[in-house]
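A.B. asks:
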Amino acid sequence: MKILLMGHPNVGKSAVFNRLTGANVIESNYPGTTVDYTKGYMRMRGEDITVVDVPGTFSLEPKDKAEEVAVKMLEEERDAVVICIIDSSKIERGLYLTLEIMERGYPVMLALNMWDVAEDKNVDIDVEKLRKVLGIPVIPTVAISGEGIGELIRKIKEARAVEVDKIIKKAGGIDETNR
Amino acid sequence: MREKLPEMRYEEKGVVKMIEGGLQERVAGMGIRVGKEIKMLTKQPMKGPVVVIVDDTRTSLGLKIAEKIIVEVKK
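Sequence order for the protein chains is W and A. Residue numbering for the first sequence follows my numbering, beginning at 1 and increasing consecutively. Residue numbering for the second sequence follows my numbering, beginning at 1001 and increasing consecutively.
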């Protein structure tokens, strides 16, 4: 089993990565570029799981080398589970990436990281509703202190692919993207 | 009043009304979409990028891209 950690730059992907894998880490250079990514392993119920810390990307429409690598890595791992990591205080833009990944049919779960920062900024998130609308596990986390990481690991098996059309319906059917 | 994003004045706020074709996806990842409130922060000289605030986050946009975003400026 392979897990890809994806999200915007500076949302704590690497902090989550370190929490999941400990110090057992291999740093690699993606062939042909100068963009680094890290790969590590964790053990869950006797199963070895590869965890990949994908370079941060704002969307799946690459604008630079690092984003190109991120998109390529996603495309090469058709059967990977994706943990989307979001800065809870800037949830909307993060959800855009999450939906883009779900649109491509990957099993996804959502880590609302930097939960403490969101609380400081008085950002209130209805996690239960988000779970219902998205149909995937949604877990508030604070990666630097380790809060929520246990639950994140427990819920990995519940990550699933959901059709975006269903999410739009559950969200009230409002499509503001004027496509 | 509708105008192109780079025509906004400093500290002015507006709402995104239109994003020219093909560009929606490119700027959506940065949190810019139709209906979103946007605030002009700075415009760099020499045809440099414009810096705006969307969702409490600073985002810089190349002038060419910014010109394709139409905003309704709040009075």
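For each residue, glycine too, the CB sits at the ideal point set by N, CA and C.
Flag residue 41 of chain W as yes if its beta-carbon sits less than 8 Å from any beta-carbon of chain A, otherwise no.
C.D. replies: Chain A, which has no Cβ nearer than 8 Å to the Cβ of residue 41 of chain W, makes this no.
A.B. asks: Give a yes or no on whether the minimum CB-CB distance between residue 90 of chain W and chain A is below 8 Å.
C.D. replies: Answer yes: the Cβ-Cβ gap between residue 90 of chain W and chain A drops below 8 Å somewhere.
A.B. asks: Exposed or buried, what is residue 1043 of chain A when buried is set at 16 or more other beta-carbons lying within 10 Å of its beta-carbon?
C.D. replies: Residue 1043 of chain A comes out buried.
A.B. asks: Are the CB atoms of residue 112 of chain W and residue 137 of chain W within a distance shorter than 8 Å?
C.D. replies: Not a contact, by the Cβ cut-off of 8 Å.
A.B. asks: Is it buried or exposed for residue 1056 of chain A, if we count other Cβ within 10 angstroms and need 16 for buried?
C.D. replies: By the 10 Å Cβ count, residue 1056 of chain A comes out exposed.
A.B. asks: Measuring alpha carbon to alpha carbon, tell me which residue in W:49, W:97, W:57 is nearest residue 35 of chain W.
C.D. replies: Residue 35 of chain W has its Cα closest to that of W:57, out of W:49, W:97, W:57.
A.B. asks: Select from W:46, W:45, W:22 the residue whose C-alpha is nearest the C-alpha of residue 52 of chain W.
C.D. replies: It is W:22 whose Cα lies nearest to the Cα of residue 52 of chain W.
A.B. asks: Hey, would you say residue 976 of chain A sits closer than 8 Å to residue 1073 of chain A, going by beta carbons?
C.D. replies: With chain A covering 1001 to 1075 only, the question about residue 976 of chain A has no answer from this structure.
A.B. asks: Do residue 1068 of chain A and residue 1019 of chain A have their C-beta atoms closer together than 8 Å?
C.D. replies: Taking 8 Å as the Cβ cut-off, residue 1068 of chain A and residue 1019 of chain A qualify as a contacting pair.
A.B. asks: Report yes or no: is there a C-beta of chain A within less than 8 Å of the C-beta of residue 97 of chain W?
C.D. replies: Cβ-Cβ to chain A under 8 Å: yes for residue 97 of chain W.
A.B. asks: Any C-beta of chain W sitting closer than 8 Å to the C-beta of residue 1002 of chain A?
C.D. replies: False, the Cβ-Cβ gap to chain W never drops below 8 Å.
A.B. asks: Below 8 Å, how does it come out for the region 98–115 of chain W and the region 8–15 of chain W: are there three or more Cβ pairs, yes or no?
C.D. replies: Judged by Cβ distances under 8 Å, the region 98–115 of chain W makes contact with the region 8–15 of chain W, as three or more pairs qualify.
A.B. asks: Based on the DSSP secondary-structure assignment, which residues constitute the bridge partners of residue 1034 of chain A?
C.D. replies: For residue 1034 of chain A, which the question treats as bridged, DSSP gives no partner whatsoever.
A.B. asks: So which residues of chain D does residue 1026 of chain A contact, with C-beta pairs closer than 9 Å?
C.D. replies: The structure shown contains no chain D; the protein chains it does contain are W and A.
A.B. asks: If the cut-off is 7 Å on Cβ atoms, which residues from the region 1027–1051 of chain A count as contacting chain W, listed in chain order?
C.D. replies: Hits within the stretch, in order: 1028, 1029, 1030, 1031, 1033, 1034, 1035.
A.B. asks: Buried or exposed for residue 107 of chain W, going by 16 or more other Cβ atoms inside 10 Å?
C.D. replies: So residue 107 of chain W counts as buried.
A.B. asks: When the Cα atoms are used, what is the spatial distance from residue 72 of chain W to residue 49 of chain W?
C.D. replies: Going by the C-alpha atoms only, they are around 20 Å apart.
A.B. asks: Would you report the Cα separation of residue 149 of chain W and residue 143 of chain W, rounded to the nearest angstrom?
C.D. replies: Taking the straight line from one Cα to the other gives about 7 Å.
A.B. asks: Write down the C-beta distance between residue 2 of chain W and residue 77 of chain W rounded to the nearest angstrom, noting that I regard them as a contact closer than 8 Å.
C.D. replies: Confirmed, about 6 Å.
A.B. asks: In the DSSP assignment, what residue or residues form a beta bridge with residue 1013 of chain A?
C.D. replies: For residue 1013 of chain A, which the question treats as bridged, DSSP gives the partners A:1039.
A.B. asks: Three-state secondary structure (DSSP) at residue 165 of chain W?
C.D. replies: In this structure, residue 165 of chain W counts as helix in the three-state DSSP scheme.
A.B. asks: Quick one: grab the DSSP three-state call for residue 1052 of chain A.
C.D. replies: Residue state, collapsed to three classes: strand.
A.B. asks: In this structure, how does DSSP classify residue 1057 of chain A when only helix, strand and coil are distinguished?
C.D. replies: Residue 1057 of chain A falls in the strand class under three-state DSSP.
A.B. asks: According to the Cβ coordinates, are residue 1009 of chain A and residue 1040 of chain A closer than 8 Å?
C.D. replies: For residue 1009 of chain A and residue 1040 of chain A, yes; Cβs fall inside 8 Å.
A.B. asks: Near residue 1062 of chain A, which residues of its chain fall below 6 Å by C-beta distance, leaving aside the five closest residues on each side in sequence?
C.D. replies: Correct list, in chain order: 1049.
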